Structures are given as C-alpha cells and as structure tokens.
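To start, the structure under review is shown below, and the notes come after it.
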Amino acid sequence: MRCVAIPLVLALVAACSSPTDDESTSVADQRSAPVATPPPDPIASPGSKTLSLEGLGGLTIGEPVPEGSGFVAGEGQIGNGCETLTSPDWPGVYAIRVGDDVRRISVSDGSDVALLEGVGPGSTIAQVREAFPSFREEPHKYTGPEGKYLTQPGDDPRLRFEIDPDGRVSIVHVGLMPELGFVEGCA
Numbered sequence: 001m002r003c004v005a006i007p008l009v010l011a012l013v014a015a016c017s018s019p020t021d022d023e024s025t026s027v028a029d030q031r032s033a034p035v036a037t038p039p040p041d042p043i044a045s046p047g048s049k050t051l052s053l054e055g056l057g058g059l060t061i062g063e064p065v066p067e068g069s070g071f072v073a074g075e076g077q078i079g080n081g082c083e084t085l086t087s088p089d090w091p092g093v094y095a096i097r098v099g100d101d102v103r104r105i106s107v108s109d110g111s112d113v114a115l116l117e118g119v120g121p122g123s124t125i126a127q128v129r130e131a132f133p134s135f136r137e138e139p140h141k142y143t144g145p146e147g148k149y150l151t152q153p154g155d156d157p158r159l160r161f162e163i164d165p166d167g168r169v170s171i172v173h174v175g176l177m178p179e180l181g182f183v184e185g186c187a
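Heads up: the sequence shown at position 180 corresponds to 180 in the UniProt record's numbering, and the numbers run straight through without jumps.
Here's what the structure looks like:
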C-alpha cells in the first residue's frame, strides 16, 4: 500500500505547483490588458451629439442648468417662470426652464444631434414609427393634417416628434409634461 501512496502524493503536489505556460500567459495577459472604460456620458460630454431621455450637453431633464453651462436665457419667451435657453455651442438646440429646472430640450433642423437610434431632425416618419411603434399620433396644430406629433405615452421624461407636411422630423423634444406638449416655446 505504501508504494501506491507515494506516487499519489507526488501527483497531487505536482498538480498544485506553478501554472503551465498557457495558464501563466493567460494570467499575465489579464494583468496587462487595458481596463475597459465606460463610454462617455451623453449628458455630461459637451462633444456628444446624442439626445437621451436624461438630457443633452450638460443639461439634465428635471435638474437645474449646471453652473458654467453655455445655455443661457435669451431675449425670447420669458414669463410665468418659464424661459427658453440657447447655447452657441449647440446650434438648432433650445431648452425650456421652469423655475430652476430644465423641463424640455428641443433639437430642430440645423442640428446634427440625434437619438441613439439615429432618429433626429430630417428623419422620415417611417423611421420614427419603426424605432418607436407605440407613440401616440395627433395632428400638428399649425401644419394641418399632413403634419403630426408623435408622442411617447407616460409621465416620466418622454420623447415627442414634430413631423412636417413632407413626412420628415422637424423637431425632436425630450422632457416632462406639460412642457413637452407646448407648441410655442413656453406656451
């Protein structure tokens, strides 16, 4: 029995010793592999051209405009605690602030900002419907039956598309009701 135990002990010791060349390379590769960094936050990154339900360009829906932001109130609609904000860094983009908080961000023709799905100003109504099939449709207040609003149902930050009579997106809005449904800036 002694003769069998010694080879068994030696086999166990060898199995617990240093890793093989393949294993040590794998461990070394893991140690020297670059750490994956998360993608930049589209809200905080001023270079990002992605509109999200959370916001855009440092603006966050439901929060105050950050200190040092390029978004400032213009000479446009100001009243009833509501004002529109623009920034020279974001052509074709404006925001609505009520009190201290950003309530809506709008991206219009002339902007290269789009949603993660690729839908933005200039997209077709078919592209909007394909990406967002459950949105409510209603007639546009000014363009007649050819123009439409497509609005995401719900109460949290939502999307709303203004579709022009040619069947293209003229403005993408993200925000909270009732400001999301305003048709004239702060009204």
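The beta-carbon is built from N, C-alpha and C at its ideal position, and this holds for glycine as well. Note that this is a predicted model, so its numbers are computed, not measured.
Asked, Found
"Can you tell me whether ALA95 is helix, strand or coil according to DSSP?", "strand"
"Tell me whether GLY74 sits in a helix, a strand or coil according to DSSP, three-state version.", "strand"
"Check for me: the beta strand (DSSP E) holding ILE105 runs from which residue to which?", "101-108"
"According to DSSP, is GLU146 part of a helix, a strand, or is it coil?", "strand"
"Shorter than 6 Å, the distance from the beta carbon of PRO157 to the closest heavy atom of the ligand PLP, or not?", "In the structure shown, the ligand PLP is absent, as is every other ligand, since no ligand is present at all."
"With three or more C-beta pairs closer than 8 Å as the rule, is the segment 116-125 touching the segment 55-74?", "no"
"Below 7 Å between beta carbons: does that hold for PHE132 and THR151?", "no"
"Let's test the definition: count the other Cβ atoms within 10 Å of the Cβ of LEU180 and tell me whether it reaches 16, buried, or not, exposed.", "buried"
"Relative to the C-alpha of VAL65, which residue among ALA95, HIS140, TYR142, LEU53 is closest?", "ALA95"
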